[in-house]
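**Student:**
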Amino acid sequence: MAQASPLTVNDTAVLSLIFDPEASQSSSASTIAIDPALPDHPTLSPATLAALRRRELIAIKKAERAIAISTEGGDSAPQLGDTYGSDPHELLRSALSALQALVSEYPAYPGGWNNLAQLRRVRIQFLGEHVRGAALDVGAEECLIERHLKKAIELATAPSAAATISASTAKTLQASYNQLGVLYLAWSKSRDHAREAREGGAAAAGWEEKASWAFGMAGNYGSELGRTMAARTNPYAKMCAGMVREAMKMEISAGGVF
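Heads up: the sequence shown is residues 517 to 774, going by this note's numbering.
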């Protein structure tokens, strides 16, 4: 009888991912220190941040009203007064312009980039592929969304793994990584060959793996949704499940008993 070969460190790591997909997130999460006492932003003053968030809130309310008008006829839409009107296309255009101006004025503010990405996703989802009769290039919009999210993550990420971050920064990273995971998961189910060509021919499985990584990073910063989605999209876990199913079929076909 052949003697079993000892498992390598890499083998052990892969097996831990298969049988405990959340292990990779929980183990690295302990290295990220979050201090609620730290200021929300290292360079922007509390007064500046408050002003930026007021601007963001107005843009968000416009987007919420546009969504409500598009889906429910406006009965439950947030009331913003006659100043903003009731045209969902115009409301989203105004909201988008406001957030674009915000990140142009304050390019070092990660929350602005995250919200701009979210607003672009809303525009694609609720208004379809046509805006004011002009075709909306969804592929180009999604690439912009990815770029905005990567910018938010770059700005919010601490310079070293040992550095402490604020609770506000952690929330921004949770949101940005979760959005990135949603985007990559959608791409894994898409047949956009042009995008795949731009990305060097990445297969659907590659996008799903990227989605699992992004969700896992959100989990590292405290997102329960990120941890759950990372486990569900983990490619090793799916591979193992497929192997187990195949082994069970073979055992049943051979008349085996469990």
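Every residue, glycine too, gets a C-beta built ideally from N, C-alpha and C. Keep in mind that this is a model prediction, so the values were computed, not measured.
#1: Give me the Cβ distance between ALA575 and ALA614, rounded to the nearest whole Å; I'm assuming they're in contact under 8 Å.
#2: For ALA617, which of helix, strand or coil comes out of DSSP?
#3: Am I right that ALA633 and LEU665 are in contact with their C-beta atoms under 8 Å? What's the rounded C-beta distance?
#4: Kindly indicate the opening and closing residues of the alpha helix (DSSP H) around ILE669.
#5: From this set, ILE583, MET733 and SER739, which residue's C-alpha is nearest ARG639's C-alpha?
#6: How far does the alpha helix (DSSP H) with TYR693 in it extend, from its first residue to its last?
#7: Below 9 Å between beta carbons: does that hold for PRO555 and PRO562?
#8: Put THR587 into one of helix, strand or coil per three-state DSSP.
#9: For the alpha helix (DSSP H) that contains LEU554, what are its first and last residues?
#10: Grouping DSSP H, G and I as helix and E and B as strand, with all else coil, what is THR680?
#11: Please report the residue range of the alpha helix (DSSP H) in which THR749 lies.
#12: Whole angstroms are fine: how far does the CA of TYR693 sit from the CA of LEU464?
#13: From HIS557 to GLU658, what distance separates their C-alpha atoms?
#14: Apart from the five residues just before and just after ALA567, which ones in its own chain have a Cβ nearer than 8 Å to its Cβ?
#15: If you draw a straight line from the alpha carbon of ALA674 to that of PHE731, how long is it in whole angstroms?
#16: Would DSSP call ILE548 helix, strand or coil?
#17: Distance, Cα to Cα, ALA611 vs LEU635?
#18: Is ALA624 helix, strand or coil by DSSP?
#19: On the three-state DSSP scale, how would you describe CYS728?
#20: Thinking THR688 and PRO626 are a contact (beta carbons under 8 Å), I'd like their distance in whole angstroms, please.
#21: In angstroms with no decimal places, state the Cα-to-Cα distance between ALA746 and SER739.
#22: Quick one: Cα of SER728 to Cα of GLU662, how far?
#23: Report all residues from its chain with a CB closer than 6 Å to the CB of LEU560; omit the five preceding and five following residues, and keep chain order.
#24: Which same chain residues end up closer than 6 Å to THR466 when comparing Cβ atoms and leaving out the 5 residues on each side of it in sequence?
#25: Take ALA617 as the anchor and find which of ASN750, SER682, GLU724 and GLU572 has the nearest alpha-carbon.
#26: How about ARG637 and GLN695: are their beta carbons less than 9 Å apart?
#27: Is it right to say ALA734 is buried, meaning 16 or more other beta carbons lie within 10 angstroms of its own, or is it exposed?
**Tutor:** This is what the structure holds:
#1: Residue 575 sits at position 59 when you count from the first residue of the sequence shown. Residue 614 sits at position 98 when you count from the first residue of the sequence shown. The beta carbons of ALA575 and ALA614 sit about 4 Å from each other, so the pair counts as a contact at 8 Å.
#2: Here residue 617 corresponds to residue number 101 of the sequence shown, with the count starting at 1. ALA617 falls in the helix class under three-state DSSP.
#3: Start at 1 with the first residue of the sequence shown, and residue 633 comes out as number 117. Start at 1 with the first residue of the sequence shown, and residue 665 comes out as number 149. Correct: roughly 5 Å between the Cβ atoms.
#4: If you number the sequence shown from 1, residue 669 lands on position 153. For ILE669, the uninterrupted alpha helix (DSSP H) run begins and ends at 654–672, by DSSP.
#5: The residue you call residue 639 lines up with position 123 of the sequence shown. Measuring C-alpha to C-alpha distances from ARG639 to each of ILE583, MET733 and SER739 identifies ILE583 as the nearest.
#6: Locating residue 693 in the sequence shown gives position 177, counting from the first residue. Annotation for TYR693: the continuous alpha helix (DSSP H) segment containing it runs 683–704.
#7: Here the question's residue 555 lines up with position 39 in the sequence shown. Here the question's residue 562 lines up with position 46 in the sequence shown. Contact flag set, yes.
#8: On the sequence shown, residue 587 is found 71 positions in, with the first residue counted as 1. DSSP places THR587 within a helical segment (H, G or I) once states are collapsed to three.
#9: Against the sequence shown, residue 554 aligns to sequence position 38. For LEU554, no alpha helix (DSSP H) encloses it, and the DSSP letter there is neither H nor E.
#10: Position 164 of the sequence shown, counted from the start, is the residue given in the question as residue 680. In the three-state DSSP reduction, THR680 falls in the strand class (E or B).
#11: Residue mapping note: residue 749 aligns to position 233 of the sequence shown, counting from 1. Where THR749 is concerned, the enclosing alpha helix (DSSP H) stretches over 740–749.
#12: No information on residue 464 is available, as it lies outside the stretch 517 to 774 that the chain covers here.
#13: Here residue 557 refers to the residue found at position 41 of the sequence shown. Here residue 658 refers to the residue found at position 142 of the sequence shown. Here the alpha carbons of GLU658 and HIS557 stand approximately 28 Å from one another.
#14: The residue given as residue 567 occupies position 51 in the sequence shown. Contacts found: none.
#15: Numbered from 1 along the sequence shown, position 158 holds the residue referred to as residue 674. Numbered from 1 along the sequence shown, position 215 holds the residue referred to as residue 731. Between the alpha carbons of ALA674 and PHE731 lies a gap of roughly 18 Å.
#16: Indexing the sequence shown from 1 puts residue 548 at position 32. Of the three classes helix, strand and coil, the one that applies to ILE548 here is coil, per DSSP.
#17: If you number the sequence shown from 1, residue 611 lands on position 95. If you number the sequence shown from 1, residue 635 lands on position 119. Answer to the nearest angstrom: the Cα atoms are 8 Å apart.
#18: Counted from its first residue, the sequence shown places residue 624 at position 108. If DSSP states are grouped into helix, strand and coil, ALA624 belongs with coil.
#19: As a working note, residue 728 is residue 212 in the sequence shown. It is worth fixing the name first, because residue 728 is Ser in this sequence and not Cys. It is helical.
#20: Translated into the one-based positions of the sequence shown, residue 688 becomes position 172. Translated into the one-based positions of the sequence shown, residue 626 becomes position 110. That pair is a contact at about 5 Å.
#21: Against the sequence shown, residue 746 aligns to sequence position 230. Against the sequence shown, residue 739 aligns to sequence position 223. Going from the Cα of ALA746 to the Cα of SER739 covers about 11 Å.
#22: Start at 1 with the first residue of the sequence shown, and residue 728 comes out as number 212. Start at 1 with the first residue of the sequence shown, and residue 662 comes out as number 146. Between the C-alpha atoms of SER728 and GLU662 there is a straight-line separation of about 15 Å.
#23: If you number the sequence shown from 1, residue 560 lands on position 44. There are no such residues.
#24: Residue 466 lies beyond the residue range present for the chain, which begins at 517 and ends at 774; the question has no answer from this structure.
#25: Working through the sequence shown from its first residue, we reach residue 617 at position 101. It is GLU572 whose Cα lies nearest to the Cα of ALA617.
#26: Within the sequence shown, the letter at position 121 stands for residue 637. Within the sequence shown, the letter at position 179 stands for residue 695. Yes, the Cβ-Cβ distance between ARG637 and GLN695 is below 9 Å.
#27: To locate residue 734, count along the sequence shown from 1; it is residue 218. That one is buried.
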